[in-house]
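In what follows, a structure is listed as structure tokens, so that the remarks can point back to it.
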Amino acid sequence: FVEKTLQTFNQMQLAGVKPDSTTFASILPVCAKMGTLQQGYAQNGLFEKTLDSFKQMQLAGVEPDSTTFASILPACAKMGALEHGMYIHQSIIESEFLSDVAVANALIDMYGKCGSIDKARKMFDKTPRRDVISWTAMIAGYTQNGVLGEAMRLFKEIPQPDIVSWNAMVKGYSQNGFVEEALETFKQMQLAGLKPNSTTFISILPACAKTGALKQGINIHQNIIISGFSSDVVVASALADMYAKCGSIEKAHELFNKMRQRNLISWNTMIAGYAQNRFVEKTLQTFNQMQLAGVKPDSTTFASILPVCAKMRALQQGMDIHQSIVENGLLSDVVVVSALVDMYAKCGRTQKAHQLFDKMPQRDVVSWSTMIAGY
């Protein structure tokens, strides 16, 4: 009970009780496990837990090592916690772990994902022993921040680009809406003798989906079949999304039905696909099937399904979904609540819409516009 041990230790100090040698003899072996615990949290996507465990470790007076830093920085990157990341950077300098390539790479990645591209580049330039991960982290930082020219210049300097580096460029072009460039990079990667993997396909398909490039999407689908990734649930979901967004909802439905296993992403893809193509009854039917399959809906699910209820003026179904939102603890999500406000307003329940709007912890331009339009 690592967390509980540290929590009790912190409560003891807050209560004004001074720890003795026996206390430290008990707590220090637990702290030694913190690096492993943080790795576990980070690998399982529990980023807030990762940061909390790091704070607990510091409160216990235990010095972090390179493994700790390499585990904690991705949590900062994922959460966009730049200030916390900068604080950890300072701790790394003080602990003299800046020469560790894994730590340096994690810093480059963190700064890039937090939008501080200049700091990422400074860190990259100061890294004496760069590996392919260093180069890829810097390229990804550039592409994520829309600096594609610098990303390509850097990519051309890599001594031996691997599949991860190529994928970073494909994803960068795709995310920024440069479909032709993404497809050309995809082609060049194959000419260089590298076989695409699931990440490659997941990166390039959204480019086709965004621009309605159905012909290119069909060609990539053929490549997926040849490469043996048809049964990959994430790749299949990305394919279904591409077909749905390109207006070929029948093909998306066919792929969905062929899936051996379906996850939250695949269900959300079909719900959004039916909604976008104005298949109202099919959208609600798929939502019900998803729940019967025991898959828990998330904010994306509700943001897709509520506009359908609003369009149909399906108040009772909208109210049932409202209850599901409460049960799933998503009533503080600004996108979900904005969709709820819109649903109630369009179903003629302006007062209920206003009540929800007034209770919103934060409001964006969408929520304000929704409420104004509801009157």
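With the UniProt record's numbering, letter number 327 in the sequence shown gets 327, and the count goes up by one each step, no holes.
Glycine is no exception: its CB is placed at the ideal position from the N, C-alpha and C atoms.
Quantities reported herein were computed from a predicted structural model and do not represent experimental measurements.
Whether residue i touches residue j by CB criterion (7 Å)
{"i": "residue 138", "j": "residue 108", "result": "yes"}
{"i": "residue 167", "j": "residue 199", "result": "yes"}
{"i": "residue 217", "j": "residue 244", "result": "no"}
{"i": "residue 302", "j": "residue 280", "result": "no"}
{"i": "residue 242", "j": "residue 194", "result": "no"}
{"i": "residue 341", "j": "residue 331", "result": "no"}
{"i": "residue 146", "j": "residue 176", "result": "yes"}
{"i": "residue 308", "j": "residue 338", "result": "no"}
{"i": "residue 379", "j": "residue 343", "result": "Limits of the chain in this structure are 1 at one end and 375 at the other, which puts residue 379 out of reach."}
{"i": "residue 76", "j": "residue 89", "result": "no"}
{"i": "residue 269", "j": "residue 293", "result": "no"}
{"i": "residue 402", "j": "residue 211", "result": "The structure shown has nothing for residue 402, since the chain only spans 1 to 375."}
{"i": "residue 110", "j": "residue 154", "result": "no"}
{"i": "residue 124", "j": "residue 97", "result": "no"}
{"i": "residue 114", "j": "residue 148", "result": "no"}
{"i": "residue 201", "j": "residue 164", "result": "no"}
{"i": "residue 304", "j": "residue 275", "result": "yes"}
{"i": "residue 326", "j": "residue 362", "result": "no"}
{"i": "residue 174", "j": "residue 203", "result": "yes"}
{"i": "residue 209", "j": "residue 182", "result": "no"}
{"i": "residue 105", "j": "residue 71", "result": "no"}
{"i": "residue 219", "j": "residue 249", "result": "no"}
Outcome for residue i when other beta-carbon atoms lying within 10 angstroms are tallied against a minimum of 16
{"i": "residue 121", "result": "buried"}
{"i": "residue 288", "result": "exposed"}
{"i": "residue 8", "result": "exposed"}
{"i": "residue 296", "result": "exposed"}
{"i": "residue 369", "result": "exposed"}
{"i": "residue 15", "result": "exposed"}
{"i": "residue 128", "result": "exposed"}
{"i": "residue 103", "result": "buried"}
{"i": "residue 159", "result": "exposed"}
{"i": "residue 257", "result": "exposed"}
{"i": "residue 35", "result": "Caution applies to residue 35, whose pLDDT of 47 falls short of 50 and renders its modelled position unreliable; the value that the coordinates give is listed next. Residue 35 comes out buried."}
{"i": "residue 372", "result": "exposed"}
{"i": "residue 393", "result": "Since the first residue of the chain shown is 1 and the last is 375, residue 393 is not available in this structure."}
{"i": "residue 376", "result": "The requested residue 376 is not part of the displayed model; the chain covers only 1 to 375."}
{"i": "residue 271", "result": "buried"}
{"i": "residue 87", "result": "exposed"}
{"i": "residue 251", "result": "buried"}
{"i": "residue 43", "result": "Caution applies to residue 43, whose pLDDT of 47 falls short of 50 and renders its modelled position unreliable; the value that the coordinates give is listed next. Result: exposed."}
{"i": "residue 64", "result": "buried"}
{"i": "residue 93", "result": "exposed"}
{"i": "residue 170", "result": "buried"}
{"i": "residue 41", "result": "Caution applies to residue 41, whose pLDDT of 43 falls short of 50 and renders its modelled position unreliable; the value that the coordinates give is listed next. Buried, because 16 or more other Cβ atoms sit within 10 Å of the Cβ of residue 41."}
{"i": "residue 191", "result": "exposed"}
{"i": "residue 99", "result": "exposed"}
{"i": "residue 38", "result": "Below a pLDDT of 50, predicted positions are generally treated as unreliable, and residue 38, at 43, falls in that range; the measurement from the model is reported next regardless. Counting Cβ neighbours within 10 Å, residue 38 comes out buried, since at least 16 surround it."}
{"i": "residue 359", "result": "exposed"}
{"i": "residue 329", "result": "exposed"}
{"i": "residue 187", "result": "exposed"}
{"i": "residue 80", "result": "exposed"}
{"i": "residue 119", "result": "buried"}
{"i": "residue 11", "result": "exposed"}
heavy atom of the ligand NAP below 6 Å from residue i C-beta
{"i": "residue 288", "result": "With respect to small molecules bound, the structure shown includes none, and the ligand NAP cannot be examined in it."}
With three or more beta-carbon pairs closer than 8 Å as the criterion, would you say the region 264 to 277 touches the region 221 to 232? no
As an exercise, report each continuous alpha helix (DSSP H) stretch of at least 4 residues that is fully enclosed by the region 89 to 154, in chain order. Segments of the alpha helix (DSSP H) lying fully in the region 89 to 154: 101 to 113, 117 to 126, 132 to 144.
Do the region 312 to 321 and the region 336 to 350 make contact, defined as three or more Cβ pairs closer than 8 Å? yes
Which complete alpha helix (DSSP H) runs does the UniProt repeat "PPR" (263 to 297) hold, if anything under 4 residues is left out? 264 to 276, 280 to 292
Which runs of the alpha helix (DSSP H), 4 residues or longer, sit entirely within the region 173 to 237? 179 to 191, 198 to 211, 214 to 227
Residue ranges of each alpha helix (DSSP H) run of no fewer than 4 residues wholly in the region 319 to 355, ordered along the chain? 334 to 346
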